[in-house]
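Contents: one structure, followed by commentary.
2 protein chains.
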Amino acid sequence: MARRAIRQPSPADDLDSRKARILEAVVREHIDTAQPVGSSSVAATSHVAVSSATIRSEMVALEREGYLAQPHTSAGRVPTDKGYRYFVDHLQAGVVGEAQQQQIKEFFANVRGEVEDVLAQTSTLLSRLTSYTSVVVGTGHAESAILSTQLVNLDARHQLLVTVFADGSVTKHSVLSTFDVSHVEVVEASRQLNALLIGTVLGARVQVPSRTDHVATLVREAVATLHAEAPTIDGEQVFIGGSSKVAESFDGVETVRQVLAILEQELLVVSLVQDILDQGLSVAIGSEHGFEPLVSCAVIVAPVTIDGHPSGAIGLLGPTRMKYSEAMAAARAVSAQLTQHFDGEDRANH
Amino acid sequence: MARRAIRQPSPADDLDSRKARILEAVVREHIDTAQPVGSSSVAATSHVAVSSATIRSEMVALEREGYLAQPHTSAGRVPTDKGYRYFVDHLQAGVVGEAQQQQIKEFFANVRGEVEDVLAQTSTLLSRLTSYTSVVVGTGHAESAILSTQLVNLDARHQLLVTVFADGSVTKHSVLSTFDVSHVEVVEASRQLNALLIGTVLGARVQVPSRTDHVATLVREAVATLHAEAPTIDGEQVFIGGSSKVAESFDGVETVRQVLAILEQELLVVSLVQDILDQGLSVAIGSEHGFEPLVSCAVIVAPVTIDGHPSGAIGLLGPTRMKYSEAMAAARAVSAQLTQHFDGEDRANH
DNA sequence: TATTAGCACTCGATTCTACCGAGTGCTAAA
DNA sequence: TTTAGCACTCGGTAGAATCGAGTGCTAATA
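Protein chains in written order, with the working numbering: chain A, 157 to 506; chain B, 157 to 506.
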C-alpha cells in the first residue's frame, strides 16, 4: 500500500477572523447538507454582517489559498481537506449530548466480561452513538511476560498448550506428538515448561532440554510451537462496529466497496490507526492518512491507556464531511470511560 | 425478527422438458446479464428448436405458474424465487474450476493454527473463490466436558480462571477477590477446582465448599463466574469473509446497508444458517429463509463435521441471481476439505 | 480602500418531447 | 401445435428548452 507522508501542521495556517468565520460557515453547512454552499447562504447563516458580494470575494481568496473548491463554475463552494483541517483545528471541544452521555454511562455500568468482550461491545456502542463505523484496536501481549503455561492432553497424540500472560491474555496452541503421551508425561512436561517459561517473553531464548525422551521432546515441541508465533505481530485485536454505516456515509456503491475492502484487512486498519496516533493527530482527513482508497474518509482516533500505558485505541471512520464535533466528543468520552473502566478494575487490586 | 415458514418442496414441481429448458435458459441468462430475458434470446441460446413465438406462449404459462415474472409489460421475463428454486433443484452438481481447485488444495496444504484461525481464514478463502460474502459458523463447546481448569494470579486481587474443554476450546474468566490472595491459596484453589470440575459440563450442578476461608471463597467465586456464562449460547463463533462483496452483489446502496446490518448481528447469522440446515436445505432463496431484509439474497450452506458430528457450517450469501452452480460446488468442496482437515488432525491420534 | 448593489453570464439539474426498439400478445395460416 | 406476421406497449435515451442557484465583474457608495 503506497503511503504518503502525513501532513505537518504548518504554522502559516492563519486566516483573519472574517475568513475563518466564512470558512466555518461553509464547512458547517456542507456537513449538514452535503451540497456546495453559496455565498448568500453563508451571508444568512454565519454572523458576519457583510453582503454576499463581500463573502464572494473572500471565498475567491479562500479558494486561492486552498481551503475551498468549486465543483464547477457557477456552483457553490465545498471545503477541501485543508479546509476541513482548519475547521477541525479551530474547533472548540464539543460536548456529548445528554442522551449519549446516558448511553455511555449505562453501557459502562453494565458491561462485564473479558477485555475482548468489552472492546467488541465498545465498538458497537461507539458506532451506535455516532452512526459512523467504529474501530477498536487492542494491542497485543507481544511484550508481556508469561505468567503460567499448561499442557493438557486432548488425547494421546494431541496436546494443547495454554499460556497465560501478565496482561491477562491467554493463548492456546495445538501440539501434535508422534508418540503416545501419558498423563504423567504431560504433567511433567507442564512442570518443566513452567520452570522454563514463566517470566520470559515470547521469543526470548530459552534453554530447552536436549534429551530425547518423551517429556523432553514434548517440551521442545511446545516451546517451538509457542515461539513460532512470536514474530507475527500477535495479539493485535481489531473490532469493527457498524460496518453497515459505511453504506450510509458514502453514496457511491464503489466507494462503499473500497472502504469495506480496507476494513476487512485487519493489519491495514491497525497500521492506519497506529500511524495516525504516531503522528500525534486525533483526526486524519482525506489524504492526510496516505491510504488512497480512503481519500473520501476522515478518521478520528483516541488512545486508550491502562495504568498509563498505551494499550489500544478507538477510532471512527466517516466521510470527510462527518460531524467532527460530535464524533470527536463521543470518541473522547468513550476512550476516557474505557481507560477508567480498566484502571478501575486494576485499582481494586492495589 | 419476523419469520416465515421455510417452503416445503412440493411434489408437483414438474415441468415438461421444454418448459424446463426454457426456464433454465431464462435463469442462466438472467444470472449472466442481470437483465430481463426475452423470448428471442431464449430461442437463440437454449437448444429448444422452436420459434420465439412458441417460447413466448410457454413463457406465459411459466409466468402463470409462478416461475417467471415480468417487470412490466413489454419487458422480458425474470425468474421468481420459485423459478430459481426449480433451477437449483434440477441443477446437476457443478464442478469447481481448475484454478479454484488449486487454490483450495494450496490453502489446506498450508493452513495451520488453531481451529478459530483456520475457520477465519477459510471464510476469506471461500469469499475469494466465489466473490460472494462468506459465513463460517463454528459451534461452541456448550456440551463439551471440562478437561482442565487453572486459576492464575494476575495480582493479589485479580485472578484468571482458564478452562480447557474436551473439544480443544479454551475460555478465560476474570475473578475479582475482595481479599489478597497468596500464591499458595491460588494453587490450592486450582487443585480443588480441577477436582470439582474436570469431566463436568458447563452448567452442571457442582458441590462447592461452603466454608468461609479464602480458598473456599475463591473456589465458589470461580465456579460461579464460570457457570454464569453457561446459559448464553456460548462459543458459537461466526466469521464473515468478504463483506465488501456485498457492495458488488447488490446495486442499491440501501440494500447493501440492510444486508450489512444483518451480517453485523452474529446471533442472527447463526440462526439463519442453522435454520436452513435444520430444514435440510442447502440453498435458501429469497423469501425462503424468512428474513425479510434478505429477500433479495440467496444463501448457500454446507455442514462441516468433525468425526461425524456436526460442528459447524459454511455459507455463502449472494444475490438471488447468484452463480449457484459454481458457488455450491465451491461450498461443497471447501466443506469437504474442512471436514477432512479436522478429521485428519484427529486421525493422527488414533 | 473596503463594501455593496446590480447585472450579465454559466452551467448543472429538471422537465418535456419525440422516438426508438426490445419485447409482448394476438391472430391467422401452415 | 407451431409459426410468421403485426400492432401495440412502454421503459430508456437523446435533445431541446428552461430554470435558477450561484458566480465574477463593474461601477457606485461610504
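Beta carbons: idealized from backbone N, C-alpha and C, even for Gly.
Asked: Grab me the residues of A:S283's own chain with a C-beta within less than 7 Å of its C-beta, minus the 5 sequence neighbours each way, in chain order.; Found: T289, S290, G397, G398 and K401
Asked: Of all the CB atoms in chain B, is at least one closer than 7 Å to the CB of A:E108?; Found: There is no way to answer for residue 108 of chain A, as the model of chain A reaches only from 157 to 506.
Asked: On the CB-based measure, 16 or more other CB atoms within 10 Å of its CB, does A:T495 come out buried or exposed?; Found: buried
Asked: Would you call A:L423 buried or exposed, if buried means 16 or more other Cβ atoms sit within 10 Å of its Cβ?; Found: exposed
Asked: Does the stretch 266 to 279 of chain A come within contact of the stretch 303 to 313 of chain A, defined as at least 3 CB pairs closer than 8 Å?; Found: no
Asked: Thinking just about the alpha-carbon of each residue, which of B:K479, B:A458 and B:M478 is nearest to the one in B:A469?; Found: B:A458
Asked: Quick one: what's got a C-beta closer than 6 Å to B:S405's C-beta in the same chain, skipping five residues either side?; Found: G474 and P475
Asked: Tell me the rounded alpha-carbon separation between B:V274 and A:H329.; Found: 13 Å
Asked: Give a yes or no on whether the minimum CB-CB distance between B:V308 and chain A is below 7 Å.; Found: yes
Asked: So what does B:T289 bridge to, in DSSP terms?; Found: B:L473
Asked: Are B:G232 and B:P192 touching if we call contact CB-CB under 7 Å?; Found: yes
Asked: Count Cβ pairs between the stretch 347 to 363 of chain A and the stretch 242 to 252 of chain A that sit closer than 8 Å; are there 3 or more?; Found: no
Asked: What residues in its chain sit with their C-beta under 7 Å from that of B:D499, if we drop five residues either side in the sequence?; Found: I462 and D463
Asked: Taking Cβ positions only, does A:G253 come closer than 7 Å to chain B?; Found: no
Asked: List the residues that DSSP assigns as beta-bridge partners of B:F321.; Found: B:I302
Asked: Considering only the beta carbon of each residue, do B:S346 and B:A322 sit closer than 7 Å?; Found: no
Asked: Output, in chain order, the set of chain A residues within a Cβ distance shorter than 8 Å of B:D407.; Found: V409
Asked: By how many angstroms is the C-alpha of A:V375 removed from the C-alpha of A:L349?; Found: 6 Å
Asked: On the premise that B:S491 lies in contact with B:V460, defined as a C-beta separation below 8 Å, what is that separation, rounded to the nearest angstrom?; Found: 5 Å
Asked: Check the Cβ of A:R104 against every Cβ in chain B and list those closer than 7 Å, keeping chain order.; Found: Any answer about residue 104 of chain A is impossible in this case: the structure gives chain A only from 157 up to 506.
Asked: Is it buried or exposed for B:P138, if we count other Cβ within 10 angstroms and need 16 for buried?; Found: Residue coverage of chain B in this structure runs from 157 to 506, which leaves residue 138 of chain B outside it and unanswerable.
Asked: On the three-pair Cβ rule with 8 Å, is the stretch 430 to 447 of chain B touching the stretch 438 to 447 of chain A?; Found: no
Asked: Skipping 5 residues on each side, what residues in its chain have a beta carbon closer than 6 Å to that of A:V264?; Found: The sequence given here has Phe at residue 264 of chain A, not Val. Here the set comprises Q493 and H497.
Asked: In the DSSP output, what is B:Q315 paired with across the bridge?; Found: B:N309 and B:V331
Asked: Could you check how far apart the C-beta atoms of B:V455 and B:V293 are, in whole angstroms? I think they sit under 8 Å.; Found: The pair is not a contact, with the Cβ atoms about 12 Å apart (cut-off 8 Å).
Asked: Can you tell me where the alpha helix (DSSP H) with A:V375 in it begins and where it stops?; Found: H370 to A384
Asked: Within a Cβ cutoff of 8 Å, which residues of the same chain sit near A:T201, ignoring the five residues on either side of it in sequence?; Found: A181, R184 and E185
Asked: Does the separation of the CB atoms of B:L472 and B:A487 fall below 7 Å?; Found: yes
Asked: Measuring alpha carbon to alpha carbon, tell me which of B:V412, B:H383 and B:Q315 ends up nearest B:T356.; Found: B:H383
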